[in-house]
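S.K.: Residue numbers (this note's numbering): 75 to 276. Think of the CB as a built atom: it goes at the ideal place given N, C-alpha and C, for glycine as much as any other residue. The structure displayed is predicted, hence computed values, not measured ones.
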């Protein structure tokens with residue numbers, strides 16, 4: 075079947091527009107080089123979360139980091155790590171803090187961990203889980219508070235986050251969440267004071 079001049083012109087225009095669109099489309103840039111087991115907080119232990127539980131990024135270049143979100147596991151330190159290593163859970167925080175102050179890092183701060191239940195907050199925050207239960211005041215030990223405060227102070231210094239309750243929040247304060255952690259026994263005045271003191275020494 076003969077092709078009309080009009081058909082050739084239209085077809086050519088479509089190809090040209092497609093080519094222009096392709097050339098103008100932002101090309102995905104490669105992510106910064108990573109080293110297996112590299113830490114963002116000295117003294118932490120690397121325990122990698124399963125890849126489906128976080129998303130590779132290059133924060134703060136692609137997403138500004140301006141929040142720290144405080145979580146409580148509703149279980150043990152080890153149960154949190156098992157959850158984050160299970161690809162079926164689609165959840166992980168960047169860090170987990172044990173009652174004795176030991177810290178595990180499971181996701182690089184560069185990357186977006188699925189911890190807040192809110193995409194925007196995941197992209198803009200670092201998530202810290204704490205061993206224990208929201209309804210048990212005994213979960214929150216002196217060692218845990220001190221260790222977590224040093225971690226949060228380091229994160230705030232790295233991203234120039236103001237040390238206050240606007241920028242250091244509980245999971246319960248994330249828009250759209252149905253979580254209640256860190257709960258009524260988490261001592262916010264004490265914690266913010268400890269973070270401020272640690273930031274002053276940094």
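How big is the Cα-Cα spacing for residue 193 and residue 251?
M.R.: If you take the alpha carbons of residue 193 and residue 251, they lie about 11 Å apart.
S.K.: Determine the extent of the beta strand (DSSP E) in which residue 170 is found, giving its start and end residues.
M.R.: Residues 169-171.
S.K.: Measure from the alpha carbon of residue 266 to the alpha carbon of each residue in 110, 177, 236, 159, then state which is nearest.
M.R.: Nearest of 110, 177, 236, 159 to residue 266, Cα basis: 236.
S.K.: Between 181, 145, 156, 151, which lies nearest to residue 109 when the distance is taken from Cα to Cα?
M.R.: Minimum Cα distance to residue 109 is reached at 181.
S.K.: Would you list the one or two residues that DSSP bridges to residue 128?
M.R.: Note: residue 128 sits in a beta bridge opposite 187.
S.K.: Tell me whether residue 245 sits in a helix, a strand or coil according to DSSP, three-state version.
M.R.: Correct three-state label for residue 245: helix.
S.K.: Leaving out five residues on either side along the sequence, give the residues of the same chain with a beta carbon under 8 Å from the beta carbon of residue 213.
M.R.: Answer for residue 213: 146, 173, 204, 205, 206, 207, 259, listed in chain order.
S.K.: What does the Cβ neighbour count give for residue 183, buried or exposed, with the cut at 16 atoms within 10 Å?
M.R.: Flag for residue 183 reads buried.
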